[in-house]
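Per our numbering: the sequence shown = residues 103 to 217.
Each remark here refers to the structure printed beneath this line.
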Amino acid sequence: MTTKSEVCYTFETALDMAISMEERCYRAYLNTLRLVKDKAAQSLLKDAAIEVSEHKQKLEIALLEGSVQHLQQMQKEVPIMQLDTLLKQERIHADATAREALAYIIHMKKNSIDF
103 MTTKSEVCYT FETALDMAIS MEERCYRAYL NTLRLVKDKA AQSLLKDAAI
153 EVSEHKQKLE IALLEGSVQH LQQMQKEVPI MQLDTLLKQE RIHADATARE
203 ALAYIIHMKK NSIDF
């Protein structure tokens, strides 16, 4: 079990929440991909959507197997930076550049890592 901020999750609940988060990220990337016009931004968003989709599938397998043994990246701590002050971007517009798309992707990833 994981305990943080007086909240305790069972293994299954934590995986369910992580899967839901990944689904929301995927949908956000997909919707944003349809919105932006910049080719470089589209490419970044497409790559991010594929990565999230692959990670979601691994989480679903972990839920089925009852173990995260096959998820090597979950076995180590991930260093994070306080990016909200630098790259706070929750929405993106149609004329977004690749830099803005990358900031958006980083923001979405940071939310997942914080969980």
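Glycine included, C-beta positions come from ideal geometry on N, C-alpha and C.
Nearest-angstrom beta carbon gap, residue j and residue i [assumed within contact, 8 Å]
i: Leu146; j: Ala203; result: 5 Å
i: Leu132; j: Ala120; result: Incorrect: roughly 19 Å between the Cβ atoms, too far for contact.
Local Cβ density within 10 Å of residue i, reported as buried at 16 or more and exposed below that
i: His195; result: exposed
Neighbourhood of residue i by C-beta, 7 Å cutoff - its chain only, sequence neighbours within 5 removed
i: Asp197; result: Lys139
i: Lys148; result: Leu135
i: Glu162; result: Ile121
i: Met210; result: Cys127, Ala130
Beta-carbon gap between residue i and residue j smaller than 8 Å
i: Glu124; j: Leu165; result: no
i: Thr199; j: Ala130; result: no
i: Ser155; j: Tyr128; result: yes
For residue i: DSSP bridge partner residues
i: Tyr206; result: Partner(s): none; Tyr206 has no beta bridge.
8 Å Cβ shell around residue i - same chain, five flanking residues per side excluded
i: His157; result: Glu124
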